[in-house]
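Quick note: the sequence shown uses this note's numbering, first residue 154, plus one each step. We put the beta carbon where it would ideally sit given N, CA and C, even for glycine. Predicted, not measured: the structure shown is a model, and the values here were computed from it.
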Amino acid sequence: MPSWSGQSRHAPRRLRALMPAARPTRRRWRLPRPTNTMLAVVGAVVGWCVLGPGGAVANAVLCTTCWRRWHSRRRLRLRTQAAEGMVGALGAMVAELRVGAHPATAAERAAIDADPLAARAMSTVANTARLGGDVDRALVRSASTEPSLAGVLGQVGRAWRLAARHGLPLAEVLDSVRRDLDQRLQFARQVHARMAGPRASAAVLAALPELGVLLGEAIDAHPLHVLSDTPIGQLLLAVGALLICAGVVWSAKLTDHAVTP
């Protein structure tokens with residue numbers, strides 16, 4: 154009769170025989186995330202190969218400006234979506250508070266159907282309120298990890314602190330925050346629609362120099378030869394690209410500031 158120690162010694166081997174062999178995981182190769190420096194270097198190399206040193210400066214500035222504009226528009230879109238999600242979450246929480254729910258329960262229920270960012274904020278409120286903690290400080294910590302909701306969470310935290318300090322109805326205070334945020338979003342949408350004309354004008358002005366170069370080539374004035382093969386042309390190419398990109402950045406800053414909720 155085999156001893157217990159012998160059976161225990163063979164048990165791991167039998168267990169491995171019964172379990173299917175684990176397949177080796179394949180590591181997926183991912184492209185590195187573009188950065189301003191990377192795009193500037195790549196653009197400079199391409200520009201140097203095509204139009205010389207002036208083309209290197211021009212293309213580096215152009216690539217960096219396009220990347221920053223794309224990143225800025227994406228950040229503005231995410232901030233608007235996050236604010237819209239918080240409007241819905243605050244509305245659901247206010248409705249729960251008005252029917253007599255505890256703040257922790259109201260925030261927990263509001264997080265169920267909220268957007269991911271708003272749901273995380275509501276979960277933070279629910280957990281902190283249930284434990285009797287400082288909701289204002291908890292929201293400040295959450296704002297440091299969610300930049301798109303930093304302003305909204307700070308406003309909600311101050312409203313919560315105001316209601317707790319002066320004994321105000323929490324539902325009414327949070328509803329005033331919700332109405333203010335909703336009105337700012339509506340105003341931002343209206344301004345964004347009205348800014349379509351100025352944005353189009355800025356785009357046309359930025360494209361006029363390129364159009365002039367193409368027209369010059371069409372009438373055999375050879376502007377590309379001047380820009381790529383002469384010292385003054387190289388200087389004008391670099392300075393012109395800098396001025397064009399500066400105008401694009403400045404006009405975008407004006408329009409984006411007007412539509413930020």
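Kindly say whether residue i, judged by its beta-carbon, lies nearer than 7 Å to any beta-carbon of chain C.
{"i": "residue 190", "result": "Absence of chain C from the displayed structure is noted, only one protein chain being present."}
For residue i, report the span of its alpha helix (DSSP H) as first-last.
{"i": "residue 362", "result": "349-371"}
{"i": "residue 284", "result": "Run containing residue 284: none; DSSP gives neither H nor E here."}
{"i": "residue 301", "result": "Unbroken run through residue 301: none, as it is neither H nor E."}
{"i": "residue 380", "result": "376-382"}
{"i": "residue 322", "result": "That residue, residue 322, is in no alpha helix (DSSP H); it is neither H nor E in DSSP."}
{"i": "residue 258", "result": "256-263"}
Check each candidate in the options and name the one with the smallest Cα separation from residue i.
{"i": "residue 377", "options": "203, 197, 195", "result": "203"}
{"i": "residue 327", "options": "190, 251, 223, 207", "result": "251"}
{"i": "residue 258", "options": "280, 239, 289, 209", "result": "280"}
{"i": "residue 193", "options": "365, 213, 206", "result": "213"}
{"i": "residue 359", "options": "333, 402, 334, 294", "result": "402"}
{"i": "residue 211", "options": "224, 222, 196", "result": "196"}
{"i": "residue 342", "options": "409, 241, 371", "result": "409"}
{"i": "residue 236", "options": "302, 188, 371", "result": "302"}
{"i": "residue 190", "options": "217, 201, 199, 205", "result": "217"}
{"i": "residue 299", "options": "407, 273, 323", "result": "273"}
Using a 10 Å radius around the Cβ and a threshold of 16 neighbouring Cβ atoms, would you call residue i buried or exposed?
{"i": "residue 397", "result": "buried"}
{"i": "residue 269", "result": "exposed"}
{"i": "residue 399", "result": "exposed"}
{"i": "residue 297", "result": "exposed"}
{"i": "residue 313", "result": "buried"}
{"i": "residue 387", "result": "buried"}
{"i": "residue 175", "result": "Low local confidence applies: a pLDDT of 46 at residue 175 is under 50, so the model's placement there is unreliable, and no value is given."}
{"i": "residue 357", "result": "exposed"}
{"i": "residue 384", "result": "exposed"}
{"i": "residue 334", "result": "buried"}
{"i": "residue 227", "result": "exposed"}
{"i": "residue 346", "result": "exposed"}
{"i": "residue 330", "result": "buried"}
{"i": "residue 394", "result": "buried"}
{"i": "residue 295", "result": "buried"}
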